[in-house]
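> Going by our numbering, the first residue of the sequence shown is number 293, and it counts up by one from there.
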Amino acid sequence: MGKKVLIIDDSATALQFVKDTLSAHGYEVETSEDIWVAGIINQFQPDLVLMDVIINGLKTGHVAVTELKKTAKGKIVLYSSCAEDELQKLAQDCQADGYICKVEDADVFHANVQAALAS
293 MGKKVLIIDD
303 SATALQFVKD
313 TLSAHGYEVE
323 TSEDIWVAGI
333 INQFQPDLVL
343 MDVIINGLKT
353 GHVAVTELKK
363 TAKGKIVLYS
373 SCAEDELQKL
383 AQDCQADGYI
393 CKVEDADVFH
403 ANVQAALAS
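Next up, the structure:
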């Protein structure tokens, strides 16, 4: 089995896109609509956590990164449709391992995930 990726997003469409795209490339994917995922992380042990910044209308995803870093052994990357400069600053401020801007192109998204895992 390939690398394990956990995606946290309150958008069912985004979750399905990520799951379909990464599963097609051999990744093992888990999804969650809730930012409090310590139990999933402990059991699944993802290599990469993709965390949306805005969950349920609140900009809280970057706040959860601090807590996730206490339990996650893999990389934690912010994943959002926010402007790239804002997303980059949020990632730096919360000490995420990077950021990925949401895109609709599956090949571009997959390349971004590969780069995040390789960095």
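For each residue, glycine too, the CB sits at the ideal point set by N, CA and C. Quick caveat: nothing in here was measured; it's all calculated off a predicted structure.
Determine the direct distance from the alpha carbon of residue 334 to that of residue 395, and round the result to whole angstroms.
Cα to Cα, the separation comes out at about 29 Å.
> For residue 342, which residues from the same chain have a beta carbon less than 6 Å from its beta carbon, with the 5 sequence-adjacent residues on both sides left out?
Excluding sequence neighbours, residue 342 sits near 299, 369 and 371.
> Would you check if the distance between the CB atom of residue 366 and the CB atom of residue 339 is smaller than 7 Å?
In this structure, residue 339 lies closer than 7 Å to residue 366 by Cβ.
> Let me confirm a value: residue 400 is counted as buried when at least 16 other C-beta atoms fall within 10 Å, else exposed. Which label applies?
Per the 10 Å Cβ criterion, exposed.
> Helix or strand or just coil, what does DSSP make of residue 325?
The answer is coil: DSSP assigns residue 325 none of H, G, I, E or B.
> Give the single residue among 373, 403, 381 and 311 whose Cα lies nearest to the Cα of residue 344.
The candidate whose alpha carbon is nearest that of residue 344 is 373.
> Let me know the beta strand (DSSP E) ranges lying completely inside the region 366-403, each 3 residues or longer, listed in chain order.
Segments of the beta strand (DSSP E) lying fully in the region 366-403: 367-372 and 391-393.
> Tell me residue 296's beta-bridge partners as DSSP assigns them.
The partner list for residue 296 (beta bridge, DSSP) reads 320.
> Check residue 345 in the structure and name its three-state DSSP category.
Residue state, collapsed to three classes: coil.
> Compute the Euclidean distance between the alpha carbons of residue 383 and residue 360, then round it to the nearest angstrom.
Rounded to whole angstroms, residue 383 to residue 360 spans 13 Å at the Cα level.
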